[in-house]
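Chemist: Numbering-wise (the working numbering), the sequence shown opens with residue 367 and increments by one. Cβ atoms here follow ideal geometry from the backbone N, Cα and C, with glycine treated the same way. Structure incoming, see below.
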Amino acid sequence: MTEHTLPATDTPSTDAPNNAQEMRHVEKARSRMPTWGTVLIYVILALGAIVVLYPFFYMVMNSVKPGREILHSPTSLPSEITFSGYTGVFQRLNMLLLFRNSLILAVSTTLLNTLLSALAAYAIAKIPFPGREPIFRFMLATMMIPGVLFLIPTYVLMYNLGWVGHFYALIIPAAVTVYNIFLLRQFMVGIPSEMIEAARLDGANEFTIFLRMILPISRPALATVAILNFMGSWNDFFGPLLYLNEPSKWTVQLGLHQFQTAVPGENAQQIWAATTLITLPLIVIFFFLQDQFMKAFANVSFK
Numbered sequence: 367m368t369e370h371t372l373p374a375t376d377t378p379s380t381d382a383p384n385n386a387q388e389m390r391h392v393e394k395a396r397s398r399m400p401t402w403g404t405v406l407i408y409v410i411l412a413l414g415a416i417v418v419l420y421p422f423f424y425m426v427m428n429s430v431k432p433g434r435e436i437l438h439s440p441t442s443l444p445s446e447i448t449f450s451g452y453t454g455v456f457q458r459l460n461m462l463l464l465f466r467n468s469l470i471l472a473v474s475t476t477l478l479n480t481l482l483s484a485l486a487a488y489a490i491a492k493i494p495f496p497g498r499e500p501i502f503r504f505m506l507a508t509m510m511i512p513g514v515l516f517l518i519p520t521y522v523l524m525y526n527l528g529w530v531g532h533f534y535a536l537i538i539p540a541a542v543t544v545y546n547i548f549l550l551r552q553f554m555v556g557i558p559s560e561m562i563e564a565a566r567l568d569g570a571n572e573f574t575i576f577l578r579m580i581l582p583i584s585r586p587a588l589a590t591v592a593i594l595n596f597m598g599s600w601n602d603f604f605g606p607l608l609y610l611n612e613p614s615k616w617t618v619q620l621g622l623h624q625f626q627t628a629v630p631g632e633n634a635q636q637i638w639a640a641t642t643l644i645t646l647p648l649i650v651i652f653f654f655l656q657d658q659f660m661k662a663f664a665n666v667s668f669k
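Here it is, written out as structure tokens:
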């Protein structure tokens with residue numbers, strides 16, 4: 367009688383899958399662990415954020431600090447928080463009038479400049495016409511000329527027009543700026559020309575294309591230009607000082623300047639409070655439009 371033995375069969379081993387799973391866990395853990403380069407980047411960004419935010423913190427801190435502490439220890443934290451500086455500002459300054467005048471200038475300049483810059487940028491970027499490139503290069507060349515050279519001719523022109531003492535003297539010269547045209551043009555260059563050609567074949571005119579196609583696509587760039595315009599007009603001091611002589615036409619920057627010269631040193635808290643109030647609108651606007659601001663610079667095409 368012969369004995370028959372069954373062939374040995376290999377039992378499935380679970381060691382290999384377990385080892386592979388452990389390796390995947392290790393790789394995931396390593397990928398989540400920050401490298402020295404990542405840590406260094408975060409440290410640099412944190413230091414940069416502190417440098418940028420500290421002046422604002424210093425301003426707000428001194429606006430609620432008693433005046434005697436500002437003179438003796440301006441960098442220390444306040445021993446008590448008081449809002450007497452803000453009440454003193456509203457008692458000494460007509461803040462509503464100053465804000466109204468600044469808003470009139472800033473909003474008018476922003477709307478007019480953004481619209482005209484967008485029209486010019488669209489024409490240069492997407493409408494072929496003879497001399498387009500030389501005109502664009504000439505416009506860029508004018509950015510090399512210092513603005514102070516136009517100061518006297520512009521004032522003489524505004525004086526002859528009878529606009530000295532009126533908001534027109536500040537709104538009209540700021541209606542078009544080459545930098546904003548350049549920024550919008552660089553953004554619009556990245557818009558596919560096939561879309562515009564298809565709209566033209568469908569019978570749409572240039573104005574319709576601009577309103578219904580270009581403006582919606584260019585919203586991030588338009589928001590960026592609007593922010594730059596508003597900030598420039600709001601922070602402008604020399605222009606209102608040159609053209610607006612009547613106190614009823616003063617802007618927040620002129621009002622703050624006069625307030626600083628009139629308020630004695632022991633009332634430094636009121637100066638910091640007024641500075642905080644004037645800066646607050648810019649921070650609020652940038653907070654709500656920062657996403658559009660970043661998208662515009664991320665999508666700018668340098669062609």
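1. Once DSSP output is grouped into helix, strand and coil, what is the label at Thr-480?
2. Assign Trp-402 to buried or exposed, taking buried as 16 or more other Cβ atoms, counted over all protein chains shown, within 10 Å of its Cβ.
3. Taking 7 Å as the limit between beta carbons, can you name the residues of its chain near Lys-431, skipping five residues before and five after?
4. Going along the chain, which unbroken runs of the alpha helix (DSSP H) with 4 or more residues stay wholly within the region 418-456?
5. Grouping DSSP H, G and I as helix and E and B as strand, with all else coil, what is Ala-412?
6. Does the beta-carbon distance from Ile-727 to Gln-624 come in below 9 Å?
7. What did DSSP end up calling Ile-557 once you bin it into helix, strand or coil?
8. Give, in chain order, every unbroken run of the alpha helix (DSSP H) that is at least 4 residues long and sits entirely within the region 518-596.
9. To the nearest angstrom, how far is the alpha carbon of Ser-667 from that of Gly-556?
10. Can you have a look at Tyr-452 and say buried or exposed, based on whether 16 or more other CB atoms are within 10 angstroms of its CB?
11. Using a 10 Å radius around the Cβ and a threshold of 16 neighbouring Cβ atoms, would you call Val-405 buried or exposed?
12. Evaluate Asn-479 with the Cβ neighbour count: other Cβ atoms within 10 Å of its Cβ, from every protein chain shown; 16 or more gives buried, anything less gives exposed.
13. With distances taken between CB atoms, is the gap from Asn-526 to Ala-487 smaller than 9 Å?
14. Taking the alpha-carbon positions, what's the Leu-437 to Val-591 distance?
15. Identify whether Ser-667 lies in helix, strand or coil by the three-state DSSP scheme.
16. Should Met-425 be counted as a contact of the ligand GDP given a C-beta to heavy atom distance under 8 Å?
17. What would DSSP say about Asn-467, mapped onto helix, strand or coil?
18. Between Ser-468, Leu-411, Leu-567, which has its C-alpha nearest His-532's C-alpha?
Modeler: On the basis of the coordinates in this document:
1. As a working note, residue 480 is residue 114 in the sequence shown. Here Thr-480 carries a helix assignment [DSSP, helix/strand/coil].
2. As a first step, residue 402 is located in the sequence shown; it is residue number 36 there, counting from the start. Counting Cβ neighbours within 10 Å, Trp-402 comes out exposed, since fewer than 16 surround it.
3. Position 65 of the sequence shown, counting from 1, holds the residue named residue 431. Only Pro-444, Gln-635 meet the Cβ criterion.
4. Within the region 418-456, the complete alpha helix (DSSP H) runs of at least 4 residues are 433-438.
5. As a first step, residue 412 must be located in the sequence shown, where it is residue number 46. Residue state, collapsed to three classes: helix.
6. Since the first residue of the chain shown is 367 and the last is 669, residue 727 is not available in this structure.
7. Mapped onto the sequence shown, residue 557 falls at position 191. Here Ile-557 sits in coil by DSSP.
8. 534-537, 544-555, 559-567, 572-575, all fully within the region 518-596.
9. Numbered from 1 along the sequence shown, position 301 holds the residue referred to as residue 667. Numbered from 1 along the sequence shown, position 190 holds the residue referred to as residue 556. Annotation note: pLDDT 48 at Ser-667 (below 50); position unreliable, no value reported.
10. Mapped onto the sequence shown, residue 452 falls at position 86. So Tyr-452 counts as buried.
11. On the sequence shown, residue 405 is found 39 positions in, with the first residue counted as 1. Val-405 should be labelled exposed.
12. Counted from its first residue, the sequence shown places residue 479 at position 113. Buried, by the Cβ-count rule.
13. For the purposes of this step, residue 526 is identified with residue 160 of the sequence shown, where counting begins at 1. For the purposes of this step, residue 487 is identified with residue 121 of the sequence shown, where counting begins at 1. Going by C-beta atoms, Asn-526 is not nearer than 9 Å to Ala-487.
14. Taking the sequence shown and counting its residues from 1, the one referred to as residue 437 is at position 71. Taking the sequence shown and counting its residues from 1, the one referred to as residue 591 is at position 225. Each residue's alpha carbon lies about 40 Å from the other.
15. Start at 1 with the first residue of the sequence shown, and residue 667 comes out as number 301. The predicted model places Ser-667 with a pLDDT of 48, which falls under 50 and marks its position as unreliable; any figure quoted below should be read in that light. Ser-667: coil per DSSP, three-state reduction.
16. With respect to the ligand GDP, the structure offers nothing, as it holds no ligand at all.
17. Taking the sequence shown and counting its residues from 1, the one referred to as residue 467 is at position 101. Note: Asn-467 maps to helix in three-state DSSP.
18. Within the sequence shown, numbered from 1, the residue matching residue 532 stands at position 166. The alpha carbon of His-532 has as its nearest neighbour, out of Ser-468, Leu-411, Leu-567, the alpha carbon of Ser-468.
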